[in-house]
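Below: one structure, written as C-alpha cells.
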Amino acid sequence: MNLFKIPYLAQLNIVKQLEFHELFLLGLCSRRSKLLSQCVNHKFDATVIDVIDGCLQVQNTGLEGNDVVKWASMDNPGDDGWLYDEVTDWERKIEFEYRGAKIDCRISFHPEKEIPIIWCKERFKKKISLATHSALCDISNISPILQVMCSMDRLWEFPDVDEIDNFYGYGTSNDIQELLQFFNRVTIRNSVRLNDWPSFFYDISFQLASVDHLYVENSRELAGRHLEFFDVRSALFCKARGVEDHHVINFIRLWLDGSFEKLESMWIMMGATQLSQESLTEIFGAKPWDPTRRAARFKYPDGLKLLYEDDILDLRNGVDIERPSDGRLATIVFEGEQFRFFVWKESRFPEQLEPITLRMEVEGREKTVFVLGKTYF
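Last residue of the sequence shown: 653 in the numbering used here, with the numbers rising by one and none dropped.
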C-alpha cells in the first residue's frame with residue numbers, strides 16, 4: 277500500500293498505531309515520510325548507545341532505556357551469528373550517511389526483541405551506531421547527547437568518536453594499554469560510571485579526575501592519596517577501603533585552603549574508621565546547623581542517578597565549616613563508615629525542595645528509596 281495515496285487523516289491514524297522503531301524506519305524513507313512520522317508524539321528525550329548488546333536505546337532521562345534498533349556485522353557476525361543464520365532475505369536495503377561516509381546496509385528483524393537489525397560491513401561497525409543515533413535524533417527530535425555503555429574489556433568496540441557526554445564502563449579490564457589509549461583518546465564531558473576503579477590511576481588521572489560527575493561501584497583500588505587530584509562536581513566511591521582517616525582530614529583541609537573549586541558533593545563509603553562527626557567537629561571547629569545561614573535540604577547536582585534508602589540530603593544534623601578565602605559554606609556528615617561532604621555553591625537557600633522517592637522491591641520486599649541525580653543508563 278502506498279501510504280501517501282490515502283487521505284491525510286487516514287495516514288495519521290495509521291502512523292499513530294506504529295511502534296517507535298517502525299516510526300524510525302518510516303522516517304528514514306523520505307523527507308515526506310519523516311515529516312509524517314514526526315506528527316506522532318512520543319515520551320522519549322534521550323538515547324543510549326549500548327555497545328555491549330549492539331543496540332541503540334531510547335529513554336526518558338533517568339529511566340532504563342528501550343531497544344529500538346540493533347546493528348551487526350555481515351562479514352564477521354561473531355556472537356550475532358545465530359541472527360545472521362536466521363536471515364532469509366538479504367534484499368531489503370538501506371543507506372546511512374555519517375560524516376560524509378555512505379554506509380550500505382541490509383535489514384532483518386530480531387526474532388526475540390522484535391526490532392530491526394542493521395547489517396553492515398565490519399569496517400563500518402564503529403560508525404553505524406553513530407549513524408543510527410544521528411538519524412534517530414533527527415527524525416524523532418531527541419536531544420543528540422551521546423551516552424555510551426561499553427564493556428571495559430572490549431573497548432576496541434567503542435564507537436568512532438572522540439567526545440561523548442556520559443559513559444558507563446561495565447566490568448573490569450587488566451589491559452592497561454587499551455585503557456590508557458581509550459581514556460587518552462575519548463573526552464567525557466559530563467559523567468562516568470564504573471564498576472571497578474582502575475589500579476593505575478596516575479596514568480589516567482586527568483581524564484577521570486576532571487569529569488563533572490563520577491560514580492564508582494567498587495573502589496577497592498582507590499588510594500586515599502588520589503583524592504587530592506579530583507576536580508569533580510560530584511563523586512560517589514563505594515567500598516573505598518583504601519581511604520583512611522587521615523586522607524579524609526587532608527581532603528577537608530585542602531578544601532578549606534581553596535582546592536576543589538568545582539566540588540558540590542563528595543560521598544565516600546570507607547572501610548574501618550575511627551572518625552566520627554564529633555571528632556571532625558572538634559578538629560575543624562565545625563558548627564551545628566544554623567537555619568539563618570543555610571537551608572535544611574541540599575540541592576543535589578544533576579549528575580548520575582543514585583537510589584539510596586536514607587534521605588541524605590536532609591542536612592539538619594550536619595555540621596558546617598566555612599572557607600576563609602571566599603566565605604563558602606560546606607556541610608560535613610559522617611555516619612558509620614560513610615563520609616559525605618556538601619558544598620553550598622550556588623545558593624545557601626535554594627527553592628524549597630521535596631525529596632524524590634521511588635517504591636521498589638528490595639530483597640523480596642517493597643520499600644521506599646530516595647532518588648538523587650538524573651543521568652541513568
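Cβ coordinates follow ideal geometry from the N, Cα and C atoms, glycine included.
Fair warning: this is a prediction, and the values are worked out from it, not measured in the lab.
For the options Val647, Glu639, Ser623 and Phe618, the alpha carbon positioned closest to that of Ile632 is the one of Val647. At the C-beta level, Trp565 and Asp596 come within 9 Å of one another.
Look at His489 here: in three-state DSSP terms it is strand. As the crow flies, the alpha-carbon of Asp602 is around 26 Å from that of Asp521. Unbroken beta strand (DSSP E) runs of no fewer than 3 residues, entirely contained in the region 380-464, are found at 392-396, 423-427 and 439-446, following chain order. For Asn342, the secondary structure class from DSSP, reduced to helix, strand or coil, is strand.
Per DSSP, Leu583 is one residue of the beta strand (DSSP E) stretching across Leu582 to Tyr584. Just so you know, the alpha carbons of Arg624 and Gly303 end up roughly 48 Å apart.
The beta strand (DSSP E) runs of length 3 or more contained entirely in the region 563-600 are, from start to end of the chain, 582-584 and 595-598. Linking Gly376 to Lys403 through their CA atoms gives a straight-line distance of about 11 Å.
Per DSSP, Val638 lies in no alpha helix (DSSP H); the unbroken beta strand (DSSP E) holding it starts and ends at Thr633 to Val638. Here Leu589 really is in contact with Tyr576; their C-beta atoms are around 6 Å apart, less than 8 Å. Secondary structure at Lys643: strand, using DSSP grouped into helix, strand and coil. Within the region 283-353, the runs of alpha helix (DSSP H) at least 4 residues long that lie entirely inside it are, in chain order, 284-291, 296-305 and 307-313.
Taking a C-beta distance under 9 Å as the contact criterion, Leu498 and Val468 do not qualify as a contact pair. Within a 10 Å sphere around the beta-carbon of Leu412 sit 16 or more other beta-carbons, which makes this residue buried. Counting only the Cα atoms, Met545 lies some 50 Å from Val363.
A contact between stretches requires three or more CB pairs, one per stretch, nearer than 8 Å, and the region 459-475 meets this requirement with the region 430-449. Burial check for Trp531: the Cβ neighbour count within 10 Å reaches 16 or more, so the residue is buried. With contacts defined as CB atoms closer than 9 Å, Val424 and Val327 qualify as a contacting pair. The Cβ atoms of Glu558 and Ser535 do not sit closer than 9 Å to each other.
Inclusion of Phe610 and Gln553 in the CB contact set at 9 Å is warranted, their separation being smaller than that value. Shown here, Leu605 sits in a strand according to DSSP, grouped into three states. Three or more beta-carbon pairs separated by less than 8 Å link the region 386-404 to the region 329-349, which places the two stretches in contact. Looking at the DSSP output, Asn494 sits in a beta bridge with Asp472. In this structure, the CA atom of Phe617 is about 12 Å from the CA atom of Leu556. Within the DSSP secondary-structure output, Trp543 pairs in a beta bridge with Leu512 and Arg616.
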